[in-house]
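*Asks:* With the UniProt record's numbering, letter number 130 in the sequence shown gets 130, and the count goes up by one each step, no holes.
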Amino acid sequence: MLKKVNNNISVVIHTFNEEKNIRNCLETVKWADEIILVDMYSKDKTVDIAKEYTDKIYFFKNVGYADPARQFSLEKTTNKWVLSVDADEIVPLSLKKCLIKIKDDDAADVVYIPHKNYFAGILIKGLGWGPLQSLHPRFFKKEFFSFSGEIHNFSKIKEGARIHKIENPEDGFVHFSYKDVEHFIEKLNRYTTIEAKKLFEAGEDIKLRHMAMRVLSEFRWRYLNHKGYKDGFMGFSISLLMGMYRLVTYTKLKLMRMYNSPNTRGKIEEKYQKIADEIITEYEV
1 MLKKVNNNIS VVIHTFNEEK NIRNCLETVK WADEIILVDM YSKDKTVDIA KEYTDKIYFF
61 KNVGYADPAR QFSLEKTTNK WVLSVDADEI VPLSLKKCLI KIKDDDAADV VYIPHKNYFA
121 GILIKGLGWG PLQSLHPRFF KKEFFSFSGE IHNFSKIKEG ARIHKIENPE DGFVHFSYKD
181 VEHFIEKLNR YTTIEAKKLF EAGEDIKLRH MAMRVLSEFR WRYLNHKGYK DGFMGFSISL
241 LMGMYRLVTY TKLKLMRMYN SPNTRGKIEE KYQKIADEII TEYEV
């Protein structure tokens, strides 16, 4: 067992129904002085498991994604250094040692950490998900960093901060991104709705030609520019799926524009009911 020492590091984790992941995550960060867990009202045993590791558990409104809760969790920390970890990530011992050395040497203010991303049990080499392609600022001094709350665009780094990028992929997070294709589609459906609503609220619209270009561009960016071909069959499939992500987002946006509402299903159900009522009325003549 690793002995916990005074290292002046806080870990922040955000959860929603993560009972299958959270113990693995917490087992690899229990060396930190402080663990802040912000839960978005899980309906499973996530919080019960977390209580075995920390008494600093807070709750935040569930808006469908974790980003708005990140700044809230940061404000709850009491240490100078913070490590932000997702519930489906684990921290190898080599990464822990690397981070503590950076802190002890005062070598940086913000540290970008590689991610070893897994899809359906397969370690991804390219696609923009390869370890050194997927670097994110996750270890930092609080005074130099904040979270924006925007989906998939959550970091704000103070001007003048010293940046360090860990270049050894073995000194990175292990990220169990997607269990299978069904899991990917579940996330795709949720996130594309959120992104489409944000575009709708911002007054955005898109034309067919531009949508087609962006879908194809996403595939090219994943498969060619970021060497998705290195991942063989799965690389090609995931590149197409990420193109589909763009397609679904813009299709949802177009429907919101057509019905002038982010609640397209409600509007469409009303339309279907009107059509049904007209047909039923014919029987009453």
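Glycine residues also receive a C-beta, built at the ideal position from the N, C-alpha and C atoms.
Since the structure is predicted, the reported quantities are computational estimates derived from the model, not experimental observations.
1) At what residue ranges does the stretch 137-201 contain a whole run of the beta strand (DSSP E), taking only runs of 3 or more?
2) Which residues bound the alpha helix (DSSP H) around ASN117?
3) Hey, is the stretch 252-261 in contact with the stretch 187-203, meaning 3+ C-beta pairs nearer than 8 Å?
4) Could you name the residues that DSSP lists as bridge partners for HIS14?
5) Below 8 Å between beta carbons: does that hold for PHE176 and ASP88?
6) Can you say whether MET1 is buried or exposed, counting buried as having 16 or more other CB atoms within 10 angstroms of its CB?
7) For LEU171, which option in LYS56, LYS101, LYS227 has the closest C-alpha, if you only look at C-alpha atoms?
8) Since PHE59 is in the beta strand (DSSP E), which residue starts that stretch and which ends it?
9) So does the stretch 46-56 actually touch the stretch 101-121, counting three or more Cβ pairs closer than 8 Å?
10) Could you name the residues of the same chain whose beta carbon sits closer than 7 Å to that of GLU150, not counting the 5 residues immediately before and after it, in chain order?
11) Pick helix, strand or coil for VAL29, following the three-state DSSP scheme.
12) Please name the residue or residues paired with TYR112 in a DSSP beta bridge.
13) Helix, strand or coil: how does DSSP classify TRP81 here?
14) Between HIS136 and HIS115, is the Cβ-Cβ spacing less than 8 Å?
15) Report the option in TRP31, ASP39, ILE9, SER134 whose CA atom is closest to the CA atom of residue 290.
*Replies:* Let me lay it out:
1) Counting whole runs of 3 or more residues, the stretch 137-201 contains the beta strand (DSSP E) stretches 145-147, 155-157, 163-165, 173-178.
2) Where ASN117 is concerned, there is no enclosing alpha helix (DSSP H), although the beta strand (DSSP E) it sits in stretches over 115-119.
3) Yes, since at least three Cβ pairs between the stretch 252-261 and the stretch 187-203 fall closer than 8 Å, the two stretches touch.
4) DSSP lists VAL38, ASP86 as the bridge partner or partners of HIS14.
5) In this structure, ASP88 lies closer than 8 Å to PHE176 by Cβ.
6) Note that MET1 scores a pLDDT of 42, beneath 50, so its modelled location is shaky and nothing firm can be said.
7) For the sequence presented, residue 171 should be read as Asp rather than Leu. The shortest C-alpha separation from ASP171 is found at LYS101.
8) Looking at the DSSP string, the run of the beta strand (DSSP E) that includes PHE59 is 57-59.
9) Touching, no.
10) For GLU150, where only same-chain residues beyond five positions count, the Cβ hits under 7 Å are ASP67.
11) In the structure shown, VAL29 adopts coil according to DSSP, grouped into three states.
12) DSSP, once it has assigned bridges, lists PRO137, LYS165 as partnering TYR112.
13) If DSSP states are grouped into helix, strand and coil, TRP81 belongs with the strands.
14) At the C-beta level, HIS136 and HIS115 come within 8 Å of one another.
15) Outside the shown range of the chain (1 to 285) lies residue 290, about which nothing can therefore be said.
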